[in-house]
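S.K.: Taken in sequence, the protein lines are chains A and B. The opening position of the first sequence corresponds to residue 50 in my numbering, with each subsequent residue numbered one higher. The opening position of the second sequence corresponds to residue 7 in my numbering, with each subsequent residue numbered one higher. All C-beta atoms in this analysis are idealised placements derived from N, C-alpha and C, irrespective of residue type, glycine included. A quick note: this is a predicted structure, and the numbers were derived from the prediction, not measured.
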Amino acid sequence: GSFGIVIHGGAGTILKKNMSDSLETAYREKLTEAISRGHEILAAGGSSMDAVTATINIMEDSPLFNAGKGAVFTHDQTNELDASVMDGASLNAGAISGVTRIKNPIDLARAVMDKSEHVMLSGVGAEQFAEEQGFALVDPSYFYTKRRFESLQRIKERETTELDHDDKTAFVDPFIKESKFG
Amino acid sequence: TVGCVALDKSGNLAAGTSTGGMTNKRYNRIGDAPIIGAGTYANNASCAVSSTGWGEYFIRAMVAHDIAVLMEYKGMSIQEAAQEVIQKKVPALGGDGGIVAIDRGGNIAMEFNTAGMYRAHMNKEGSLTVKIYK
Numbered sequence: 050g051s052f053g054i055v056i057h058g059g060a061g062t063i064l065k066k067n068m069s070d071s072l073e074t075a076y077r078e079k080l081t082e083a084i085s086r087g088h089e090i091l092a093a094g095g096s097s098m099d100a101v102t103a104t105i106n107i108m109e110d111s112p113l114f115n116a117g118k119g120a121v122f123t124h125d126q127t128n129e130l131d132a133s134v135m136d137g138a139s140l141n142a143g144a145i146s147g148v149t150r151i152k153n154p155i156d157l158a159r160a161v162m163d164k165s166e167h168v169m170l171s172g173v174g175a176e177q178f179a180e181e182q183g184f185a186l187v188d189p190s191y192f193y194t195k196r197r198f199e200s201l202q203r204i205k206e207r208e209t210t211e212l213d214h215d216d217k218t219a220f221v222d223p224f225i226k227e228s229k230f231g
Numbered sequence: 007t008v009g010c011v012a013l014d015k016s017g018n019l020a021a022g023t024s025t026g027g028m029t030n031k032r033y034n035r036i037g038d039a040p041i042i043g044a045g046t047y048a049n050n051a052s053c054a055v056s057s058t059g060w061g062e063y064f065i066r067a068m069v070a071h072d073i074a075v076l077m078e079y080k081g082m083s084i085q086e087a088a089q090e091v092i093q094k095k096v097p098a099l100g101g102d103g104g105i106v107a108i109d110r111g112g113n114i115a116m117e118f119n120t121a122g123m124y125r126a127h128m129n130k131e132g133s134l135t136v137k138i139y140k
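Given below as structure tokens:
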């Protein structure tokens, strides 16, 4: 049977002129690593859900993307993570929102789908469920990255809310070639 | 935000999305990523979809489910359905962003209305496509 896999790492004002060669290479390499992992699982006859979660784990563990380790900061200087999964065969689904101590949120969303009667859990309750399921909780400082923290500081100065990867956020990226941007 | 959709050898589809949310967000604001039907949807009868974009608009437009039901009820291809929602419906509401999707035949869509989207596709033969810009 046919099989295939597609991934994204976020959309926005991502322009070549604003991207250093080294950063572009880093993104391409990480996307390749992630999708290859999922393809490996599918080629070996593994399930699409296993491929999806293993692939997303790699992107969650990379500071390049706004998920897991590379998460952006809230106004209160915390990292609040959300995730969801859905299985096309059973139409079962799992989702979590607003967690601050789960290293790989997609795995917790899958646990909600597979090991609870619920579809969506949030905040402290979701983390209580995680502990009952044997998830190790990480210290919130695990999610700190200088790049994202500095983005927040600059945005706070302008007191606007931005989507990840948009032009203003991209400008504050230390890899950005154009020094004229703040 | 990151996401993945996959079709396995048994013909089953799955979708997943994970995000750190929005910089400087307040009031426990939640975007589309954890909302089934907006940021994530999968149905063997149509397709699997993962979204990334301005969450409020992707929730209002129920983007992921919309693409799936345009295929299921109106017989659109995955590319037609993705374009209809991402290039017409979402901008009409004022939002922006993109999706990746795959159907039971292994056909895919990587549709976005922003300047760029980090994205990659690998098919059964292992042929790899990695793109960033439009």
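With respect to 7 Å, is the separation between the Cβ of residue 87(A) and the closest non-hydrogen atom of the ligand FMN below this value?
M.R.: Within the structure as shown, the ligand FMN is missing, as the structure has no ligands at all.
S.K.: Buried or exposed for residue 99(B), going by 16 or more other Cβ atoms inside 10 Å?
M.R.: exposed
S.K.: What span of residues does the beta strand (DSSP E) with residue 109(B) cover, start to end?
M.R.: 103-109
S.K.: Is residue 77(A) close to chain B, meaning its C-beta is less than 8 Å from at least one C-beta of that chain?
M.R.: yes
S.K.: Which value, in whole angstroms, describes the spacing of the CA atoms of residue 97(A) and residue 206(A)?
M.R.: If I take the Cα positions, the gap works out to 43 Å.
S.K.: Only counting the same chain, and skipping five residues up and downstream in sequence, which positions put a Cβ closer than 6 Å to that of residue 61(B)?
M.R.: 37, 38
S.K.: In chain A, what lies closer than 7 Å to residue 19(B) by C-beta?
M.R.: 97, 137
S.K.: Is residue 72(A) close to chain B, meaning its C-beta is less than 8 Å from at least one C-beta of that chain?
M.R.: no
S.K.: Apart from the five residues just before and just after residue 232(A), which ones in its own chain have a Cβ nearer than 7 Å to its Cβ?
M.R.: Since the displayed chain A opens at 50 and closes at 231, residue 232(A) lies outside it and no answer follows.
S.K.: Residue 56(B) and residue 43(B) look like a contact to me (Cβ under 8 Å); what is the Cβ gap, rounded to whole Å?
M.R.: 12 Å between Cβ atoms; not a contact.
S.K.: Taking all protein chains shown into account, decide if residue 107(B) is buried (16 or more other Cβ within 10 angstroms of its Cβ) or exposed.
M.R.: buried
S.K.: Please state the DSSP three-state secondary structure of residue 156(A).
M.R.: helix
S.K.: Quick one: complete beta strand (DSSP E) runs, 3+ long, within the stretch 88-150 of chain A?
M.R.: 130-136, 142-148
S.K.: For a quick check, are the C-beta atoms of residue 25(B) and residue 131(A) less than 8 Å apart?
M.R.: yes
S.K.: Does any CB atom of chain A fall closer than 8 Å to the CB of residue 125(B)?
M.R.: Cβ-Cβ to chain A under 8 Å: yes for residue 125(B).
S.K.: On the three-pair Cβ rule with 8 Å, is the stretch 187-202 of chain A touching the stretch 74-81 of chain B?
M.R.: no
S.K.: For residue 85(A), which three-state DSSP category applies?
M.R.: Taken through DSSP and simplified to helix, strand or coil, residue 85(A) comes out as helix.
S.K.: With residue 114(B) as the anchor, note down where its beta strand (DSSP E) starts and where it stops.
M.R.: 114-118
S.K.: Closest to residue 7(B) by CA distance: which of 127(A), 201(A), 133(A) is it?
M.R.: 133(A)
S.K.: Starting from the C-beta of residue 116(B), find all residues in its chain whose C-beta is less than 6 Å away, skip the five residues before and the five after it, and write them out in chain order.
M.R.: 106, 125
S.K.: CA-CA distance, residue 72(B) and residue 49(B)?
M.R.: 12 Å
S.K.: Would a C-beta distance cut-off of 8 Å place residue 101(B) and residue 118(B) closer than the cut-off?
M.R.: Judged by their CB atoms, residue 101(B) and residue 118(B) are not nearer to each other than the 8 Å cut-off.
S.K.: Closer than 8 Å by C-beta to residue 73(A): which residues in its own chain qualify, once you throw out the five before and the five after it? Chain order, please.
M.R.: 65
S.K.: Taking 8 Å as the CB-CB limit, is residue 106(B) close to chain E?
M.R.: Going by chain labels, chain E is absent from the structure shown, which instead holds the protein chains A and B.
S.K.: Below 7 Å CB to CB, which residues in the same chain sit around residue 89(B) once its five sequence neighbours on both sides are set aside?
M.R.: Taken in chain order, the residues that qualify are 117.
S.K.: Does the beta-carbon distance from residue 84(B) to residue 129(B) come in below 8 Å?
M.R.: no
S.K.: Here's a check: name, in chain order, each residue in its chain whose Cβ is nearer than 7 Å to the Cβ of residue 228(A), leaving out the five neighbours to either side.
M.R.: Low confidence applies to residue 228(A): its pLDDT is 38, below 50, so where it sits in the model is not reliable enough to give any reading.
S.K.: Just reading off the alpha helix (DSSP H) that residue 31(B) is part of, what are its end residues?
M.R.: From DSSP, residue 31(B) is part of no alpha helix (DSSP H); its letter is neither H nor E.
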